[in-house]
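Taking it in order: structure first as structure tokens, then the write-up.
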Amino acid sequence: MSGMANKAGAAAPGAPLQDGAAAPAGGAESFTDFLPWQQAPARRWLASRERFAHAWLIHGRPGCGQMEFALAGAASLLCESPRDGLACGACQACRWVLAGNHPDLRRIRPDAQAVREGALDVAEDAKKQPSREIRIEQIRSLLPWFNTATHRGGWRVALLYPAEALNTIAANALLKILEEPPEHTVFLLSAQAPDRLLPTLVSRCRRLPLAVPPAAESLAWLQARGVKDAAARLAAAGGAPLLALEQARDGRPVKPDWLELFLDQASRGGDGAALADALQAGEPADWVDGFQRLWLDLSLGVHGLPPRYHPAEAARIAAIAGRLDPAALARAADWLGEQRRLARHALNPKLLADHAARHLLQSVRPARAPGRADPGAGA
Ligand SMILES: [Zn+2]
Numbered sequence: 001m002s003g004m005a006n007k008a009g010a011a012a013p014g015a016p017l018q019d020g021a022a023a024p025a026g027g028a029e030s031f032t033d034f035l036p037w038q039q040a041p042a043r044r045w046l047a048s049r050e051r052f053a054h055a056w057l058i059h060g061r062p063g064c065g066q067m068e069f070a071l072a073g074a075a076s077l078l079c080e081s082p083r084d085g086l087a088c089g090a091c092q093a094c095r096w097v098l099a100g101n102h103p104d105l106r107r108i109r110p111d112a113q114a115v116r117e118g119a120l121d122v123a124e125d126a127k128k129q130p131s132r133e134i135r136i137e138q139i140r141s142l143l144p145w146f147n148t149a150t151h152r153g154g155w156r157v158a159l160l161y162p163a164e165a166l167n168t169i170a171a172n173a174l175l176k177i178l179e180e181p182p183e184h185t186v187f188l189l190s191a192q193a194p195d196r197l198l199p200t201l202v203s204r205c206r207r208l209p210l211a212v213p214p215a216a217e218s219l220a221w222l223q224a225r226g227v228k229d230a231a232a233r234l235a236a237a238g239g240a241p242l243l244a245l246e247q248a249r250d251g252r253p254v255k256p257d258w259l260e261l262f263l264d265q266a267s268r269g270g271d272g273a274a275l276a277d278a279l280q281a282g283e284p285a286d287w288v289d290g291f292q293r294l295w296l297d298l299s300l301g302v303h304g305l306p307p308r309y310h311p312a313e314a315a316r317i318a319a320i321a322g323r324l325d326p327a328a329l330a331r332a333a334d335w336l337g338e339q340r341r342l343a344r345h346a347l348n349p350k351l352l353a354d355h356a357a358r359h360l361l362q363s364v365r366p367a368r369a370p371g372r373a374d375p376g377a378g379a
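Position one of the sequence shown corresponds to residue 1 (full-length UniProt numbering), numbered consecutively onward.
Structure representation (structure tokens):
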């Protein structure tokens with residue numbers, strides 16, 4: 001085992017279980033385990049190993065565990081005595097995977113991600129921000145590895161996550177590799193938005209879409225982790241259990257202040273000043289996302305359907321939706337979509353908050369079309 005030490009990105013023997021300790025957002029599982037709702041699809045996926053594709057793009061909505069699926073998939077491919085197709089967690093290969101030093105496994109991710117996982121030390125280079133991109137050097141560093149013999153002649157697995165972090169040069173270098181794939185090697189790429197990847201790269205991968213897990217399984221999983229208000233959290237996260245867990249661990253309120261203020265002012269009227277203040281206290285990218293979810297609920301309400309993200313606010317959402325102008329709602333939805341692209345680089349968050357508060361309240365004002373029922377407005 002000593003020969004496995006000090007591979008790039010791997011832990012030295014005896015070092016803390018860096019990779020294993022940091023991997024799944026779930027915390028309790030080691031990353032040789034699939035999340036509960038992934039086990040059945042994983043078994044189906046792994047069942048046909050003899051005609052297994054050499055590159056997979058594992059994708060799904062944020063917070064549904066596609067990276068965890070890729071990690072556990074790598075462990076299962078490397079395991080020496082898989083149980084029912086999945087990693088046993090106990091054999092030599094699984095122990096190496098858990099210790100982060102399996103010679104046939106490489107994890108390619110941005111330095112910023114490695115730091116988050118505790119697998120890369122920032123202290124030595126604290127002046128420089130760790131990179132958010134997967135760089136070409138990381139792809140090139142794989143080349144000599146392809147020419148080394150694998151342990152007991154098994155698979156070699158390269159994990160790339162998130163694939164969106166590949167910059168164009170790195171993506172093209174990876175594409176070159178996939179055009180003449182090295183023997184015994186499987187590439188597992190995980191992504192949230194395949195449409196943001198180089199199309200030629202996507203076309204070289206088999207796609208493995210992961211569905212949003214059934215709510216009952218997600219709820220049980222969150223409750224087992226001590227998450228309070230698990231149902232409301234899960235709904236607010238659009239059914240994505242890992243996102244719900246992350247938001248709970250970050251101490252985010254189930255219902256942010258701006259949401260209460262918006263529903264209140266949209267119902268009873270208000271100039272938006274308090275709402276603008278509440279928005280300013282948050283991250284534009286967060287509240288823009290939040291408004292997009294609320295907008296979806298309002299659109300459902302316009303059609304008489306129950307809200308998906310805010311079931312506890314069904315009555316107020318239905319009342320607002322029942323009297324607004326659907327065209328104004330749609331225009332504001334477009335505006336939110338535009339802001340979502342810009343929000344991460346908002347030049348003036350205060351201006352954006354002020355504008356959003358006024359604009360969005362305005363867009364749910366009661367419709368005044370002739371002949372339309374307008375119970376909320378008027379004398
Ligand atoms: Zn094993």
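Ideal Cβ placement from N, Cα and C applies to all residues, glycine included.
(message) Looking at the secondary structure, which residues open and close the beta strand (DSSP E) in which ARG323 lies?
(response) Careful: ARG323 lies outside any beta strand (DSSP E), inside the alpha helix (DSSP H) at 314-323.
(request) Note down the Cα distance separating ALA244 from GLY63, rounded to an integer number of angstroms. (result) Their Cα atoms are separated by approximately 8 Å.
(message) Pop quiz: LEU324 and VAL364 are said to be a contact at Cβ under 8 Å. What is the actual Cβ separation, rounded to whole angstroms?
(response) 5 Å
(message) Starting from ALA191, trace the beta strand (DSSP E) in both directions and tell me its first and last residue.
(response) 185-191
(message) Can you look up VAL115 in the DSSP assignment and give me helix, strand or coil?
(response) helix
(request) Check whether the Cβ atoms of LEU198 and ALA191 lie closer than 8 Å to each other. (result) no
(request) Would you be able to state if there are at least three C-beta pairs under 8 Å between the region 55-74 and the region 231-245? (result) Yes, the region 231-245 touches the region 55-74.
(request) Give the DSSP bridge partners of VAL157, in chain order. (result) LEU105 and VAL186
(request) Give the DSSP bridge partners of ARG51, in chain order. (result) In DSSP, ARG51 forms no bridge with anything.
(message) Can you tell me whether HIS345 is buried or exposed? The criterion is at least 16 other CB atoms within 10 Å of its CB, across all chains shown.
(response) exposed
(message) Using a 10 Å radius around the Cβ and a threshold of 16 neighbouring Cβ atoms, would you call ALA343 buried or exposed?
(response) buried
(message) Whole angstroms are fine: how far does the CA of SER267 sit from the CA of GLN292?
(response) 18 Å
(message) At a cut-off of 7 Å, would you count ALA87 as near ligand 1, judging by its Cβ distance to the nearest heavy atom?
(response) yes
(request) Would you list the residues sitting across from TRP56 in a DSSP beta bridge? (result) LEU188 and ARG206
(request) Report the option in LEU329, ILE317 and ARG135 whose CA atom is closest to the CA atom of LEU263. (result) ILE317
(message) On the DSSP bridge list, what partners appear for ARG83?
(response) LEU86
(message) When you compare the CB positions of ASN172 and ILE134, do they come within less than 8 Å of one another, or not?
(response) no
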